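Asker: For the sequence shown, the positions run 157 to 319 when this note's numbering is used.
Glycine included, C-beta positions come from ideal geometry on N, C-alpha and C.
Computed from a predicted structure; not experimentally measured.
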Amino acid sequence: MVHVSAKDMATGNSQNVSITASTNLTDEDIDKAVKDAEAHAEEDKKKKEEVEVKNNAESLIYSSEKTLNDLGDKISGEEKAKVETEIENTKKALETNDTAKIKEATEKLTQVFYQMSEQLYKNANPNAGADPNAATGADANNQANGDNGNVYDADYKVEDDNK
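1. In three-state terms, what does DSSP make of Lys163?
2. Suppose contacts are defined by Cβ-Cβ distances below 9 Å. Is Ala249 in contact with Ala261 by that definition?
3. Going by the CB atoms, is the gap between Thr266 and Leu216 shorter than 9 Å?
4. Taking contact to mean at least 3 C-beta pairs separated by less than 8 Å, is the region 205-223 in contact with the region 242-259?
5. Could you check which residue in Asn180, Phe269, His159 and Asn211 has the C-alpha nearest to that of Gln321?
6. Take Ser220 as the anchor and find which of Ala166, Lys313, Glu244 and Met165 has the nearest alpha-carbon.
7. Which residues in the same chain as Ser161 place their Cβ atom closer than 8 Å to its Cβ, once the five residues preceding and following it in sequence are excluded?
8. Between which two residues does the beta strand (DSSP E) carrying Ile175 extend?
9. Expressed to the nearest angstrom, what Euclidean distance is found between the alpha-carbon atoms of Gln271 and Asp229?
10. Where does Ile186 land, buried or exposed, given buried means 16+ other C-beta within 10 angstroms?
11. With a threshold of 6 Å on Cβ separation, who are the neighbours of Lys264 within its own chain once the five nearest residues in sequence on each side are excluded?
12. As a quick exercise: from Tyr277, Asp183 and Lys259, pick the residue whose alpha carbon is nearest that of Val209.
13. Is the beta carbon of Leu276 closer than 9 Å to that of Leu227?
14. Within the same chain, show all residues whose beta-carbon is closer than 6 Å to that of Lys247, passing over the 5 residues directly before and after it, in chain order.
This is the structure:
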């Protein structure tokens with residue numbers, strides 16, 4: 157049962173509403189449903205985990221395939237072959253419906269995909285190992301000119317509208 161009331165502050169008018177559940181279940185039926193839910197809680201938890209693992213694997217397969225297609229020839233054939241092999245292994249694991257195998261295949265695909273991404277970024281930025289605190293290009297020019305990227309330091313005062 158829910159009771160809700162509202163009062164218009166300007167006019168002083170108030171309204172009340174009560175909402176009650178309409179059910180034909182007896183207390184025995186409700187207790188039975190609660191006990192049944194408690195009895196199957198572990199089974200439901202396991203089923204939920206299975207579904208989440210499968211969804212995660214399918215999502216990773218999709219994003220990996222899409223990324224490989226988008227990259228084209230920006231990665232070596234060897235790197236591409238490794239990822240494709242792990243994609244196929246993950247697809248085969250999904251067919252088995254074995255959660256442990258799916259998790260293992262997903263982890264391997266993730267590792268290989270990350271290695272490929274790391275190599276891709278290293279190739280794109282050969283200075284990746286340089287000093288991360290060193291300013292380069294426009295950043296160095298902005299620092300030399302005293303421009304801090306349109307960031308302004310300002311004071312402010314909070315005013316309460318209700319006063």
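Answerer: The relevant details are as follows:
1. Judged by DSSP in its simplified three-state form, Lys163 adopts strand.
2. Yes, they are a contact pair.
3. Yes, these two residues count as a Cβ contact at 9 Å.
4. Counting Cβ pairs under 8 Å, three or more are found: they touch.
5. Absent from the structure is residue 321, since the part of the chain shown begins at 157 and ends at 319.
6. Comparing Cα-Cα distances from Ser220 to each of Ala166, Lys313, Glu244 and Met165, the minimum goes to Glu244.
7. The answer, listed in chain order, is Ser170, Gln171, Asn172 and Val173.
8. Element bounds for Ile175: Ser170 to Ile175.
9. So the alpha carbons of these two residues sit roughly 17 Å apart.
10. With fewer than 16 other Cβ atoms inside 10 Å of its own Cβ, Ile186 counts as exposed.
11. Cβ neighbours of Lys264 beyond the five flanking positions: Glu242.
12. Nearest in C-alpha terms to Val209, of all of Tyr277, Asp183 and Lys259, is Lys259.
13. Contact: yes.
14. Cβ neighbours of Lys247 beyond the five flanking positions: none.
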